[in-house]
Amino acid sequence: GAGVSQTPSNKVTEKGKYVELRCDPISGHTALYWYRQSLGQGPEFLIYFQGTGAADDSGLPNDRFFAVRPEGSVSTLKIQRTERGDSAVYLCASSLSNQPQHFGDGTRLSIL
Amino acid sequence: AQSVTQLDSHVSVSEGTPVLLRCNYSSSYSPSLFWYVQHPNKGLQLLLKYTSAATLVKGINGFEAEFKKSETSFHLTKPSAHMSDAAEYFCVHRAHSGGYNKLIFGAGTRLAVHP
């Protein structure tokens with residue numbers, strides 16, 4: 002079956018711009034996670050959704066980052082006033098309740 | 524606080540020789556531990572998981588890991604490396620927070636396999 006889909010696969014934009022990254026989870030998965038992977042590092046947790054609500058957003062680095070999941074399926078990670086330090090691979094994962102997470106291929110974001 | 528430490532940032536082996544990727548964990552609870560693999564420009568794939576059942580866990584592609592509480596270790600092994608095993612490997616701890624899967628990743632070990 003279809004796995005977790007993330008679009009775009011690559012995004013290049015200028016400093017100060019606004020970006021949206023999309024995640025389509027596996028159908029039926031109620032839990033959705035966003036992680037950020039900087040170059041040479043392991044992924045770091047950003048936010049967790051259970052259904053439509055953000056149950057834990059403690060990993061969001063600052064208020065320029067925001068994520069939504071309005072219908073409990075697709076999620077969008079939004080970054081305002083991008084900075085060069087935001088450059089990273091953004092990974093999305095989904096799962097059933099406490100089952101292992103399935104990851105998408107990520108969006109590679111480059112801020113010039 | 525829960526954490527994982529991967530002891531080697533790079534490991535290089537010859538094809539057909541054994542693989543050992545080392546991981547130590549720190550946890551206040553009985554841990555749930557995982558190994559994930561990441562091939563270039565690809566997402567993370569689950570290799571195996573330990574959730575307090577058998578201490579020797581078998582995963583996909585011939586990998587296995589042994590949970591040793593006395594050593595707080597969860598090392599990943601494979602008897603014979605294949606060229607296709609070249610990738611980044613992450614040891615991962617599941618944080619017990621509100622009953623859901625908040626994953627804490629190690630820094631990763633890059634495995635190179637030479638002919």
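Respectively, the protein sequence lines represent chains A and B. With the first letter of the first sequence counted as 1, position 98 gets the number 99 in our numbering; the numbers rise by one all the way through. With the first letter of the second sequence counted as 1, position 46 gets the number 569 in our numbering; the numbers rise by one all the way through. Cβ coordinates follow ideal geometry from the N, Cα and C atoms, glycine included.
Is Ser-111/A helix, strand or coil by DSSP? Taking the first sequence and counting its residues from 1, the one referred to as residue 111/A is at position 110. DSSP places Ser-111/A in strand when its eight states are reduced to three.
Please return the same chain residues whose Cβ sits closer than 8 Å to the Cβ of Tyr-548/B, not counting the five positions on each side in sequence. Stepping through the second sequence from its first residue, residue 548/B is reached at position 25. Same-chain partners within the cutoff: Gln-525, Ser-526, Val-527, Thr-528, Pro-554, Leu-556, Thr-595, Ser-596, Phe-597, Cys-614, His-616.
Quick one, are the C-beta atoms of Leu-110/A and Ala-89/A less than 9 Å apart? As a first step, residue 110/A is located in the first sequence; it is residue number 109 there, counting from the start. As a first step, residue 89/A is located in the first sequence; it is residue number 88 there, counting from the start. Contact: yes.
Within 10 angstroms of the Cβ of Gln-102/A, are there 16 or more other Cβ atoms? Answer buried if so, exposed if not. For the purposes of this step, residue 102/A is taken as residue 101 along the first sequence, with counting starting at 1. Buried, by the Cβ-count rule.
With DSSP run on the structure shown, which of helix, strand or coil describes Lys-592/B? Here the question's residue 592/B lines up with position 69 in the second sequence. Lys-592/B falls in the helix class under three-state DSSP.
Cβ distance (whole Å) where Asp-106/A is taken to contact Ser-10/A below 8 Å: Within the first sequence, the letter at position 105 stands for residue 106/A. Within the first sequence, the letter at position 9 stands for residue 10/A. Going by Cβ atoms, the distance from Asp-106/A to Ser-10/A rounds to 7 Å, so yes, they are a contact pair.
Determine the extent of the beta strand (DSSP E) in which Thr-528/B is found, giving its start and end residues. By 1-based counting over the second sequence, the position of residue 528/B is 5. First-last of the beta strand (DSSP E) with Thr-528/B: 526-529.
At least one CB of chain B closer than 9 Å to the CB of Pro-26/A: is that the case? The sequence position of residue 26/A within the first sequence is 25, counting from 1. Cβ-Cβ to chain B under 9 Å: no for Pro-26/A.
Roughly how many angstroms separate the alpha carbons of Leu-97/A and Ala-576/B, rounded to a whole number? In the first sequence, counting from the first residue as 1, residue 97/A sits at position 96. In the second sequence, counting from the first residue as 1, residue 576/B sits at position 53. About 20 Å.
Using a Cβ cut-off of 7 Å, pull out every chain A residue sitting near Leu-556/B, in sequence order please. Here residue 556/B is taken as the residue at index 33 of the second sequence, counted from 1. Ordered by position in chain A, no residue passes the 7 Å Cβ test against Leu-556/B, which lies about 12 Å from the chain.
Of all Cβ atoms in chain A, is any one closer than 9 Å to the Cβ of Ile-627/B? As a position in the second sequence, residue 627/B is number 104, starting the count at 1. Cβ-Cβ to chain A under 9 Å: yes for Ile-627/B.
So the candidates are Pro-563/B, Tyr-573/B, Ser-593/B, Gln-568/B; which of them puts its Cα closest to the Cα of Asn-584/B? By one-based count along the second sequence, residue 584/B stands at place 61. Per the Cα distances, Gln-568/B.
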